[in-house]
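Colleague:
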Amino acid sequence: MNFRGQLIDRCKDREAFFKCCYSEHTAEKIIRIYEEILLISRFHHENITPFIGYGQAEDATFLVLEYAINGSLYGNLKYQYMESYLTWAQRLRICLGAARGLKYLHSGIGEHRVIHGDFKSKNILLYDNREAKICGFGKSIVVHRSYPVPNVHKEAQGSKYYMDPVYRESRILRVESNVYSFGVVLFEVLTGILACHHPVEDEHISMINWVRRLYNDETDKLVDYRIRDEIDARSLHMFKHLAYKCISFNMKDRPSMNQVIKRLEEALYIQTHGAASTVARKYQKLEDFRIPLKDINLAIEAKGQETLGEGGFGVVYKGQLSEHWQNRTVAIKYQYPKSGHEELYYRRSIGDSKDKLLLHLVRRYYDHKPELLIDHLIEDEIDNRSFNVYREVAYQCISFNSKERPTMEMIVNRVEEALELQVTNQGDLKQKVTKS
C-alpha cells in the first residue's frame, strides 16, 4: 500500500511518497522492500527518484521517496485530453530522461551494474517541469560489472505487456531486456495508447502487436492524433525507427542505451530547432525549395565570393542567404555549362590503380595480420574490440557478392558500436591491438 504525505521538522515540510510493506505480506515482498531500500539508497542521479529515507514500525516497513508532483508517465498518457496533453517535445524530453536513468543503472554503480526488473511507464515519475525519474526497483537485480554479459537465471517477472519475449522464454535477464521494455514505452508515447490497452475494437490484440502490424505500411496511424499537426516528419522517422529496433526479437539488433540517448537527442533537436516541417512536409514539391538566382548571387557577394573548393565540375562558393531563408550560411555549387562530367565519370569508373593496390593489401592482411592495416599514427590508441568491429563491417562493404554487403543502417550501427567501445575503453591498455 502506498501513501502521500508531508514530512516536517528536519525534512523542511517536504512532500513525500511512502511505499509500505506490512508484516502480513509474504516473506518475498518483505525481503524485496529491504533490497529496494539498500539499492536505491546508493543511487545518485538526476533521473532516478530521490531517496529520502526509510522507517519501521512493529508491523510495517516504509520506503520514503520524493513525491512526484506530475504523477507518472502512465497516468499522463491515460488521462490526457485535447485541452491538456503532452506535446511531442515534452514526450521526447521524458523519454530522454528515462533513457539517461537506465544508462546510469547499466553503466555501473561502483563495481556493479543494475538491471531494472520491471521497467514500464508506471515506473517513470514526472517531477517539476515534467522531468522524468525512474522508480520501482523492487524486482531489479545487481550483477558485477566485470561480467562480459550480465545475466542472472531467475523466474520471469515483471509486467507482461512490457516483458521481453526472449527473457520470458529463457528466464535470463539482460540489459537488452530493459531496452525492449523501453521500446514498448516509446510506442506508448508515440501512439498515446497504453501497452495494456487494445487499440482495435472487437479484436483482442495488444498495442505492441498492433504496432508490428502497421509499422511498415501504415505508420501514420501510429501517431497520437493530438500531436499529429506538430510533430516534425524527420523527428518522427528517427523516433519510430529507434523504437522499433528496441522491440526487435533479436537481442543483437537492439541498440545500447548510449545509442538510444543519441538518437533521442537528435530527434528532440530536430523537433525544437529544425525548420518548420510537420508530417505534411513529405508532400512538398521540389519547386518549393527553389532559390531565385538573385538571392544566390547576393549570398555569394555577402561572403566576398569566398570559395570552398574547385574541380572539373565547377566552383563551390561560401554564401550567406537572406532573412527570408533564415540567414543560413550555405555552400553553393556552381556547375560549369560543359564540365566534362561524362568523361570524368568514365575515367573514374574504370578504377584507380591506387585503389586496386589498397584493396589488394586489405584482402591479403585482413585475416592473418590485420594490425598492418592500421595507420601508424593511431596504432597505440586504437581499442582492439573497436578495431575488430570496424574492420569487419569495412570488409563486408567491399565484398564481391553484393548480397553480402551491409545496408547503410547496418554500417551506422556498427560504426557507432566501434565508437562506443573505443570511448568506453579509452584507458584500458589491455584492450589495445597487439601485433602478432
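Under the working numbering, think of the first position of the sequence shown as 27, with each following residue one higher. Each residue gets a CB set at the ideal place from its N, CA and C atoms; glycine is no exception.
1) For residue 166 versus residue 140, is the C-beta distance shorter than 7 Å?
2) Taking only three categories from DSSP, how would you classify residue 188?
3) List the endpoints of the continuous beta strand (DSSP E) containing residue 138.
4) Grouping DSSP H, G and I as helix and E and B as strand, with all else coil, what is residue 346?
5) Rounded to whole angstroms, what is the Cα-Cα separation between residue 62 and residue 144?
6) Under a Cβ-count criterion, where at least 16 other Cβ atoms within 10 Å of its own Cβ denotes burial, should residue 163 be classed as buried or exposed?
7) Could you check if residue 351 is buried or exposed, using at least 16 other CB atoms within 10 Å of its CB as the buried criterion?
8) Does residue 293 come out as helix, strand or coil in the three-state DSSP assignment?
9) Can you name the start and end residues of the beta strand (DSSP E) that residue 77 belongs to?
10) I need the DSSP call for residue 232, collapsed to helix, strand or coil.
11) Closer than 6 Å by C-beta to residue 328: which residues in its own chain qualify, once you throw out the five before and the five after it? Chain order, please.
12) Which whole-angstrom value describes the C-beta separation of residue 119 and residue 294, a residue pair presumed to lie in contact below a C-beta threshold of 8 Å?
13) Rounded to whole angstroms, what is the Cα-Cα separation between residue 445 and residue 283?
14) Between which two residues does the beta strand (DSSP E) harbouring residue 104 extend?
15) Would you report the Cα separation of residue 425 and residue 320, rounded to the nearest angstrom?
16) For the candidate residues 441, 407, 353 and 389, whose alpha-carbon lies nearest to that of residue 421?
17) Can you check the stretch 385 to 431 for any alpha helix (DSSP H) of at least 4 residues that lies completely inside it and give the ranges in chain order?
18) For residue 58, which residues in the same chain have their Cβ closer than 6 Å to its Cβ, ignoring the five residues on either side in sequence?
19) Quick check: the Cα distance between residue 138 and residue 220, rounded to an integer number of angstroms?
20) Across which residues does DSSP place residue 152 in a beta bridge pair?
21) Taking the alpha carbon of residue 206 as the point to measure from, which residue in 281, 238 and 70 has its own alpha carbon closest?
Modeller: Working from what's here:
1) One-based indexing of the sequence shown puts residue 166 at position 140. One-based indexing of the sequence shown puts residue 140 at position 114. Yes.
2) Reading the sequence shown from its first residue, position 162 is the one you call residue 188. Coil, per DSSP.
3) The count along the sequence shown starts at 1 and reaches residue 138 at position 112. Segment 138 to 141, the beta strand (DSSP E) holding residue 138.
4) Within the sequence shown, the letter at position 320 stands for residue 346. DSSP, reduced to helix, strand and coil, places residue 346 within a strand of the structure shown.
5) On the sequence shown, position 36 is the one that residue 62 refers to. On the sequence shown, position 118 is the one that residue 144 refers to. So the alpha carbons of these two residues sit roughly 13 Å apart.
6) For this step, residue 163 is matched to residue 137 along the sequence shown. It is buried - the Cβ of residue 163 has at least 16 other Cβ atoms within 10 Å.
7) The residue labelled residue 351 in the question sits at position 325 within the sequence shown. It counts as exposed.
8) Mapped onto the sequence shown, residue 293 falls at position 267. Helix, per DSSP.
9) For the purposes of this step, residue 77 is taken as the residue at position 51 of the sequence shown. It spans 77 to 82 - the beta strand (DSSP E) in which residue 77 sits, taken as one unbroken run.
10) Residue 232 sits at position 206 when you count from the first residue of the sequence shown. Here residue 232 sits in coil by DSSP.
11) Taking the first residue of the sequence shown as position 1, residue 328 is located at position 302. Within the same chain, and ignoring the five residues on either side of residue 328 in sequence, the residues whose Cβ sits closer than 6 Å to its Cβ are 346.
12) Translated into positions along the sequence shown, residue 119 becomes position 93. Translated into positions along the sequence shown, residue 294 becomes position 268. Correct: roughly 7 Å between the Cβ atoms.
13) The residue you call residue 445 lines up with position 419 of the sequence shown. The residue you call residue 283 lines up with position 257 of the sequence shown. Spanning the two alpha carbons is a distance of roughly 14 Å.
14) On the sequence shown, position 78 is the one that residue 104 refers to. Run containing residue 104: none in the beta strand (DSSP E); it sits in the alpha helix (DSSP H), 99 to 104.
15) As a first step, residue 425 must be located in the sequence shown, where it is residue number 399. As a first step, residue 320 must be located in the sequence shown, where it is residue number 294. Note on geometry: alpha-carbon atoms of residue 425 and residue 320 lie some 47 Å from one another.
16) Position 395 of the sequence shown, counting from 1, holds the residue named residue 421. Closest in alpha carbon position to residue 421, among 441, 407, 353 and 389, is 389.
17) Entirely contained in the stretch 385 to 431, the alpha helix (DSSP H) runs reaching 4 residues are, in chain order, 410 to 423.
18) Locating residue 58 in the sequence shown gives position 32, counting from the first residue. The answer, listed in chain order, is 164.
19) Here residue 138 corresponds to residue number 112 of the sequence shown, with the count starting at 1. Here residue 220 corresponds to residue number 194 of the sequence shown, with the count starting at 1. When rounded, the distance between both Cα atoms is 33 Å.
20) Taking the sequence shown and counting its residues from 1, the one referred to as residue 152 is at position 126. For residue 152, which the question treats as bridged, DSSP gives the partners 158.
21) For this step, residue 206 is matched to residue 180 along the sequence shown. Nearest option by C-alpha distance: 281.
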